[in-house]
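Here the structure comes first, spelled out in structure tokens, and everything after it is commentary.
See below:
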């Protein structure tokens, strides 16, 4: 079965950042070529990628109902997940401190895509997910991320608890977002340490096993019961950047 990504931004970002993933590009027959579609044609030509003009009925059943393909679909190789041990080794060789996001049970592709986009925009090193109880990188995730899956490492592991244990053994601090704690996310000093932000699924939250491994448990104070997990991610990511870059 072929893997597809769709939408102008997703395809452009894939062409700019990881063109080897792309096997072929399809553009809607009869559609007017705006600047983004012209850019896609130009980049595809530069990388010797075939562009076919086709009737998009070809893609019925490949995507969620009522999605806007924006006149372009690319056949791609699956995302190459980063090896966890390789990531830790490479991170040690880099300057400065590392920062990653760990997702425990986040299964909604729209949330996952938005979190990837935030992580890439915030200069985070990677996102860590589990093989089960987690959304894979699919076409919806790629579309929502606007191609950010090509800019941040995605790591998939069999066990989050084992991975977190290994992070702690390698001098990483674990910061879990927990609606039940009294600790404010603003009170943590995110500078001068490697840290992993752990976010849980809406409703269920982070598992007790993972919560018990956290060095810090923090919450975002709100007048509502809870925020969407991708919104929470954006808020805390930009607080970490504010501290690291401006304090």
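In my numbering, the protein residues as written are 21 to 267. Note that the Cβ used here is the ideal one computed from N, Cα and C, for glycine as well.
{"Asked": "Euclidean distance between Cα positions of residue 114 and residue 172", "Found": "15 Å"}
{"Asked": "Assigned exposure category for residue 51 - 16 Cβ within 10 Å defines buried", "Found": "exposed"}
{"Asked": "Inter-stretch contact (C-beta, 8 Å, three-pair minimum) for the stretch 137–147 and the stretch 166–180", "Found": "yes"}
{"Asked": "Cβ-Cβ separation, residue 199 to residue 239 (assumed contact under 8 Å), whole Å", "Found": "5 Å"}
{"Asked": "Cβ-Cβ distance between residue 45 and residue 31 below 8 Å", "Found": "yes"}
{"Asked": "Within 8 Å, strictly: CB atoms of residue 42 and residue 69", "Found": "yes"}
{"Asked": "Buried versus exposed, by CB contacts within 10 Å (16 or more), residue 125", "Found": "buried"}
{"Asked": "Whole-angstrom distance between residue 129 and residue 65, CA atom to CA atom", "Found": "31 Å"}
{"Asked": "Closest Cα partner of residue 111 within the set 190, 265, 160, 266", "Found": "190"}
{"Asked": "Where residue 80 falls: helix, strand or coil (DSSP)", "Found": "coil"}
{"Asked": "Alpha-carbon spacing of residue 259 relative to residue 237, whole angstroms", "Found": "15 Å"}
{"Asked": "Distance, residue 249 Cα to residue 223 Cα", "Found": "10 Å"}
{"Asked": "Spatial distance of residue 133 from residue 177 (CA atoms)", "Found": "19 Å"}
{"Asked": "Endpoints, the alpha helix (DSSP H) within which residue 263 is located", "Found": "249–266"}
{"Asked": "Own chain residues within Cβ distance below 8 Å of residue 83, not counting five before or after", "Found": "24, 26, 89, 159, 160"}
{"Asked": "Span of the alpha helix (DSSP H), counted from its first residue to its last, around residue 220", "Found": "That residue, residue 220, is in no alpha helix (DSSP H); its beta strand (DSSP E) goes 214–220."}
{"Asked": "Close Cβ partners of residue 253 (< 7 Å) along its chain, the five nearest in sequence each way excluded", "Found": "121, 135, 138, 219"}
{"Asked": "Under 8 Å between C-beta atoms of residue 154 and residue 192", "Found": "no"}
{"Asked": "Candidates 179, 107, 247, of which the one nearest residue 230 by Cα", "Found": "179"}
{"Asked": "Counted within 10 angstroms of its Cβ, other Cβ atoms place residue 119 as buried (16 or more) or exposed", "Found": "buried"}
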